[in-house]
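Chains as they are written, first to last, in this note's numbering: chain Z, 1469 to 1826; chain X, 40 to 356.
Right, one structure below, let's go through it.
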Amino acid sequence: MIRFILRRLLLSIPVLAGVIVIVFVLARVIPSDPCRAALGERATAQACDAFAERFGLNEPLHEQFLIYIGALSRGDFGESIRTGQPVTEILLQRLPTTVELTLLALVFAIVVGMTLGIISAYRRNSVADVGTMIIANVGVSIPVFVLGLLLAFIFAILLRDTAFVLPPSGRTSPGLAFQSIPEAWNLDDLGGIPRTVLDFFSNMYLLNGLVTLQFDLFVDALRHLILPAIALGTIPMAIIARMTRSSLLDVLGQDYIRTARAKGLHNRLVVFRHGLKNAMLPVVTVIGLSVGALLSGAVLTETIFGLTGVGRTVFESITARDYIVIQGFTLIIAMIYVMVNLVVDISYGFLDPRIRVT
Amino acid sequence: MTASQAARASEPAPLPVGAREESRGTSRWRETLSNILRQRSAVVGLLILALLAAAAIFAGFIAPYAPDDVLIPEGARPRMPPCIHLLGCPDSQLQVLFGTDGNVRDVFSRALYGGQISLTVGLVTVVFAIIVGSLIGAISGYAGGWLDNLLMRLMDFLIAFPALLLAIVIVTVLGRSLTNAMLAVGIVAIPIYARVMRSSVLSVREQDYVAAARALGDSGAGILFRRIVPNSMTPMVVQGTLGVATAILEVAALSFLGLGAAPNIPEWGNMIGLERNQLFSAPHLILVPGMLLTLTVLAFNLLGDGLRDALDPRLNR
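Spelled out as structure tokens, the structure:
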């Protein structure tokens, strides 16, 4: 097993290297005048020369690349051309939002999707089955931005006078006061990496609210994330539901299931103990694949629901031609994506011992 | 199950011997077609698509106005809610089935013309991705060795980015326009088709009839394009139909973000993006194109699923 994991790890290195090169090249072929984007349309030629000098834009491309790699290896992603803020700092502020959003969407997708899929397979050709598959088919077809706006319309406007009203935008209610984790734990004089890590977790408001017992923060942040998470998670939910159903039906038709039934095992036990475990492999695959869809959809969801996360930052930095930020954020997203695929690959090994050998 | 049994029971009686002889050439196609028509989801998808395609093709006849007609002379106001005379809207008001948008244009007419754009966008994008993807996949699978490795690693890199994000970057590089949005979405889709083609080439390559063609002295390219590629088309058709749905979604998403069609073009994603802040005051401006977009994507998804069930021999026999 360890050899299997190691080999997969090694295999992902060339992909990551390729990703770094592609991100570097893409960020540089975006037609733009970084100087005028940063200093304004009327920047003088001298100012632009100094600017190019400062950011190393006069060096030949391969030297810029070497400098970039050197900085990367020290964990330095550079500074935003527009604001001068280090990219790592922006990342620490904005990644937590996206992490919470995608995780919540993923939980929604897995829990609802698998439940629907199991019900559907368990009661094949029943009304519940047909209804579930209609939900799944529409769910996979509705664009994220349409669903997001639709949900906002229903929960923020149509239901505004009921108990089901949910906020259509923002991360927390305006004016909500809360403490970060270091503040709540009286660790204010903590510094260095532990402090950075705690600050990062503090920006995950759900987690922060839970571990520091600020339940009003937790509830408020959760209410703000429900609609975006459903909008983002619906397509993966539908895919997971369909895959669970077809995979489970496939497994339930096999001989060993008949044997289990013939032994007189209870139907529920057959489906859940014998069927489900072996039906999981394709489901895990689509769960892994859907992380890409989630990261894509995050751009749209964050734009619609006014969340300042990674997706929206990439989009804004592209429009503003802030290529250092584009470079850093795209790289992080691609790395997360590659890592998730790695985890999916490795979980195959756990679920299906035959794969470890090949 | 019962539906397909019923369909089988209602099949016409066998044709007279002479007629059977004549139709032998087409019988394989006929069998495939009847397989497809036996799939409920394929039929539903085809019906929705026929309706949408008819609406798009005859948009010029159905639409009461041109997509960029400003209806101020007709007495319309910006963002009027739908007004249908049959449903009790007063005759004194101008009839606009789906209301008007912020520039006082008829949403119904724009939605119809939007159908032309979305359907064309989906088909053209996928055809492009299929051609390039199959070529890469076919060469990769047939040549093997270092070329295969190189091409497939290239595809890995493309897949290492979330699709929409990569498309956004490509559009930014190429500049904003509908064509560039289509190109970006097409490029992002290439790896899927390359992989599908490569794996079918790998399995077809070892078949006896390919060995026979080689023994007869057929050239490499001849074998590839006359023997292998036609036999790899089935998974491609299924993947392509589902791909049209994805392509329509992604181009619409780019337009929604302001990276696709120019603002005056009645593309559905565009229409939603332009009016998204009017959700509270004029929800019909978002609901109409949103529903149409969903319906179109749904139709292609249903058709693709149905085709897969009909064409996959493992599921059929």
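Glycine included, every Cβ here is placed at the ideal spot set by N, Cα and C.
Only a predicted model underlies this, so the values are computations on that prediction, with no experimental measurement involved.
Could you tell me which chain X residues have their CB closer than 7 Å to the CB of phenylalanine 1613/Z, listed as they occur along the chain?
The residue you call residue 1613/Z lines up with position 145 of the first sequence. Per Cβ cutoff of 7 Å: Ala292, Phe295, Ile311.
Under 8 Å between the Cβ atoms of methionine 1832/Z and phenylalanine 1613/Z?
Since the displayed chain Z opens at 1469 and closes at 1826, residue 1832/Z lies outside it and no answer follows.
Note down, in chain order, each residue of its chain lying with its Cβ closer than 6 Å to the Cβ of leucine 241/X, except the 5 sequence neighbours on either side.
For the purposes of this step, residue 241/X is taken as the residue at position 202 of the second sequence. Gly180, listed in sequence order.
Candidates Met221/X, Leu350/X, Met310/X, Leu332/X: closest to valine 1606/Z by CA position:
Translated into positions along the first sequence, residue 1606/Z becomes position 138. Of Met221/X, Leu350/X, Met310/X, Leu332/X, the residue nearest in Cα terms is Leu332/X.
Whole-angstrom distance between leucine 1655/Z and tyrosine 232/X, CA atom to CA atom
Numbered from 1 along the second sequence, position 193 holds the residue referred to as residue 232/X. Numbered from 1 along the first sequence, position 187 holds the residue referred to as residue 1655/Z. Each residue's Cα considered, the two are about 54 Å apart.
So, for leucine 76/X: in the same chain, excluding its five sequence neighbours on each side, which residues have a beta-carbon less than 7 Å away from its beta-carbon?
Numbered from 1 along the second sequence, position 37 holds the residue referred to as residue 76/X. Once the five neighbours on either side are set aside, the close Cβ partners of leucine 76/X are Val82.
Within chain X, partners of glycine 1486/Z - CB distance below 9 Å:
For this step, residue 1486/Z is matched to residue 18 along the first sequence. Those within 9 Å of glycine 1486/Z in chain X are Arg192, Leu193, Asp195, Phe196, Ala199.
So if DSSP puts threonine 1566/Z in a beta bridge, which residue, or which two residues, is it bridged to?
Locating residue 1566/Z in the first sequence gives position 98, counting from the first residue. Beta-bridge pairing links threonine 1566/Z to no other residue.
For asparagine 142/X, the first and last residue of its enclosing alpha helix (DSSP H):
By one-based count along the second sequence, residue 142/X stands at place 103. Looking at the DSSP string, asparagine 142/X is not in any alpha helix (DSSP H), and its letter there is neither H nor E.
Sub-8 Å separation of leucine 324/X and valine 146/X beta-carbons
Residue mapping note: residue 324/X aligns to position 285 of the second sequence, counting from 1. Residue mapping note: residue 146/X aligns to position 107 of the second sequence, counting from 1. Closer than 8 Å, so yes.
I'd like to know whether the C-beta atoms of serine 1760/Z and alanine 202/X end up nearer to each other than 8 Å.
If you number the first sequence from 1, residue 1760/Z lands on position 292. If you number the second sequence from 1, residue 202/X lands on position 163. A quick correction: the sequence has glycine, not serine, at residue 1760/Z. Yes, the Cβ-Cβ distance between glycine 1760/Z and alanine 202/X is below 8 Å.
Anything in the region 1516-1548 of chain Z with a Cβ closer than 9 Å to a Cβ of chain X? List those residues in chain order, please.
none
Simplified DSSP assignment, three categories, for serine 62/X:
By 1-based counting over the second sequence, the position of residue 62/X is 23. Here serine 62/X scores only 49 on pLDDT, less than 50, and its place in the model should not be relied on; the value that follows carries that caveat. In this structure, serine 62/X counts as coil in the three-state DSSP scheme.
If distances are taken between C-alpha atoms only, which option among Asp1597/Z, Leu1615/Z, Thr1565/Z comes closest to leucine 334/X?
Reading the second sequence from its first residue, position 295 is the one you call residue 334/X. With distances taken between Cα atoms, leucine 334/X lies closest to Leu1615/Z.
Could you say if the region 1556-1567 of chain Z and the region 1764-1781 of chain Z meet the contact criterion of at least three C-beta pairs nearer than 8 Å?
yes
Closer than 6 Å by C-beta to alanine 168/X: which residues in its own chain qualify, once you throw out the five before and the five after it? Chain order, please.
Here residue 168/X refers to the residue found at position 129 of the second sequence. Closer than 6 Å at the Cβ level, and outside the excluded window around alanine 168/X, lie Gly225, Ala228, Ile229, Tyr232.
Starting from asparagine 1809/Z, trace the alpha helix (DSSP H) both ways and give me its first and last residue.
Taking the first residue of the first sequence as position 1, residue 1809/Z is located at position 341. Unbroken alpha helix (DSSP H) run through asparagine 1809/Z: 1791-1819.
For glutamine 155/X, which residues in the same chain have their Cβ closer than 7 Å to its Cβ, ignoring the five residues on either side in sequence?
For this step, residue 155/X is matched to residue 116 along the second sequence. Closer than 7 Å at the Cβ level, and outside the excluded window around glutamine 155/X, lie Ala95, Ala98.
Starting from the C-beta of leucine 1799/Z, find all residues in its chain whose C-beta is less than 6 Å away, skip the five residues before and the five after it, and write them out in chain order.
To locate residue 1799/Z, count along the first sequence from 1; it is residue 331. Val1491.
Check whether serine 1725/Z and glycine 1743/Z have beta carbons under 8 Å apart:
What you label residue 1725/Z is simply residue 257 of the first sequence in a count that begins at 1. What you label residue 1743/Z is simply residue 275 of the first sequence in a count that begins at 1. Note on residue identity: the sequence assigns isoleucine, not serine, to residue 1725/Z. Contact: yes.
Are three or more beta carbon pairs between the region 1709-1720 of chain Z and the region 1679-1693 of chain Z nearer than 8 Å?
no
Counting Cβ pairs closer than 8 Å, one from the region 235-255 of chain X and one from the region 263-277 of chain X, do we hit at least three?
yes
For leucine 1685/Z and serine 1648/Z, I'd like the C-alpha separation in whole angstroms.
Within the first sequence, the letter at position 217 stands for residue 1685/Z. Within the first sequence, the letter at position 180 stands for residue 1648/Z. If I take the Cα positions, the gap works out to 11 Å.
Which whole-angstrom value describes the C-beta separation of leucine 1619/Z and alanine 1699/Z, a residue pair presumed to lie in contact below a C-beta threshold of 8 Å?
Locating residue 1619/Z in the first sequence gives position 151, where the first residue counts as 1. Locating residue 1699/Z in the first sequence gives position 231, where the first residue counts as 1. Contact holds; Cβ gap of about 6 Å.
So what does leucine 122/X bridge to, in DSSP terms?
Stepping through the second sequence from its first residue, residue 122/X is reached at position 83. Checking the sequence, you will find cysteine at residue 122/X rather than leucine. DSSP output for cysteine 122/X lists Val135/X as bridge partner(s).
Starting from serine 1764/Z, find everything on chain X with Cβ-Cβ shorter than 7 Å and list it in chain order.
The residue given as residue 1764/Z occupies position 296 in the first sequence. Result: Pro201, Ala202, Leu203, Leu204.
Kindly indicate which three-state DSSP category glutamate 1547/Z falls into: helix, strand or coil?
Position 79 of the first sequence, counting from 1, holds the residue named residue 1547/Z. Looking at glutamate 1547/Z - three-state DSSP - the assignment turns out to be strand.
Say whether the region 156-176 of chain X touches the region 280-291 of chain X, bearing in mind that this needs 3 or more beta-carbon pairs closer than 8 Å, one atom from each stretch.
yes
So that I know if they touch, is there some Cβ in chain Z lying closer than 8 Å to that of isoleucine 325/X?
Here residue 325/X refers to the residue found at position 286 when the second sequence is read from its first residue. Yes - at least one Cβ of chain Z is within 8 Å of the one on isoleucine 325/X.
Could you tell me whether the Cβ of leucine 255/X comes closer than 8 Å to any Cβ of chain Z?
Here the question's residue 255/X lines up with position 216 in the second sequence. Not an interface residue.
Cβ-Cβ separation, aspartate 257/X to glutamine 78/X (assumed contact under 8 Å), whole Å
Within the second sequence, residue 78/X is the residue found at index 39, counting from 1. Within the second sequence, residue 257/X is the residue found at index 218, counting from 1. So it is not a contact: roughly 36 Å between Cβ atoms.
In three-state DSSP terms, what is proline 1554/Z?
The residue labelled residue 1554/Z in the question sits at position 86 within the first sequence. Correct three-state label for proline 1554/Z: strand.
Take the Cβ of arginine 1475/Z as the centre, count every other Cβ of all protein chains shown within 10 Å, and call the residue buried at 16 or more, exposed below.
For the purposes of this step, residue 1475/Z is identified with residue 7 of the first sequence, where counting begins at 1. Counting Cβ neighbours within 10 Å, arginine 1475/Z comes out exposed, since fewer than 16 surround it.
Is the distance from the Cβ of phenylalanine 137/X to the Cβ of valine 336/X below 8 Å?
Locating residue 137/X in the second sequence gives position 98, counting from the first residue. Locating residue 336/X in the second sequence gives position 297, counting from the first residue. No, the pair does not count as a contact, with Cβ atoms beyond the cut-off.
Can you find a CB in chain X that lies within less than 8 Å of the CB of serine 1648/Z?
Locating residue 1648/Z in the first sequence gives position 180, where the first residue counts as 1. Chain X, which has no Cβ nearer than 8 Å to the Cβ of serine 1648/Z, makes this no.
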